[in-house]
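Colleague: First residue of the sequence shown? That's -12 in the working numbering, and the numbers climb one at a time after it.
Ideal Cβ positions, reconstructed from N, Cα and C, are used throughout, including at glycine.
Note that this is a predicted model, so its numbers are computed, not measured.
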Amino acid sequence: MTRRPQITDPQPHVVTSHGADFFGEDRHPVKVLTVLAGYAEGCLPSAERGPLVDLLRDPGTGGTIPAAKLDQVARLLLQLARHRFVRGSAAAVARALADAAARAAAAGEGWTWTVEATR
């Protein structure tokens, strides 16, 4: 018998800076980011997708992406969000990540990722 997941089960989330909420953060489940990594492998050019796929597949404990790389990251995420094979919910997350990366790049600041388990 399999156990159905409960709402109270802890699921790790990635909290990104420069988000769209009141506090300037966005929260995305790690599970959705791994789905995005699969889409990125199939939909983005192989010469450019490497670092983005690594980041989406394994966000680790978090970190900061320097402002110099954010233009490329935002462009790739936007390209992924607009690809015709990416499903709507995954495309919405890719678009939100692209917008946050673009805001960080426009501000000249690093884009911070933090992994946390919600309870």
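What is the residue span of the alpha helix (DSSP H) that Arg74 lies within?
Modeller: Here Arg74 belongs to no alpha helix (DSSP H), and DSSP marks it neither H nor E.
Colleague: Give me whichever residues DSSP pairs with Asp66 in a beta bridge.
Modeller: The sequence as given places Gln at residue 66; Asp does not occur at that position. Answer is none; Gln66 lacks a bridge partner.
Colleague: Pick out whichever of Asp8, Val17, Gly6 and Phe10 has its Cα sitting closest to the Cα of His0.
Modeller: Checked all of Asp8, Val17, Gly6 and Phe10; the closest Cα to His0 is Val17.
Colleague: Relative to the C-alpha of Glu96, which residue among Pro(-3), Leu23 and Thr3 is closest?
Modeller: Selected option, being the one with the closest Cα: Thr3.
Colleague: Who are Ala104's beta bridge partners in DSSP?
Modeller: Beta-bridge pairing links Ala104 to Pro(-1).
Colleague: Check the C-beta distance from Val40 over to Ala24 and give it rounded, since I have them as a contact under 8 Å.
Modeller: Going by Cβ atoms, the distance from Val40 to Ala24 rounds to 5 Å, so yes, they are a contact pair.
Colleague: Tell me the rounded alpha-carbon separation between Lys56 and Gly47.
Modeller: One C-alpha to the other measures close to 19 Å.
Colleague: Going by DSSP, what residues sit across from Gly50 in a beta bridge?
Modeller: According to DSSP, which records beta bridges pairwise, Gly50 is partnered with Trp100.
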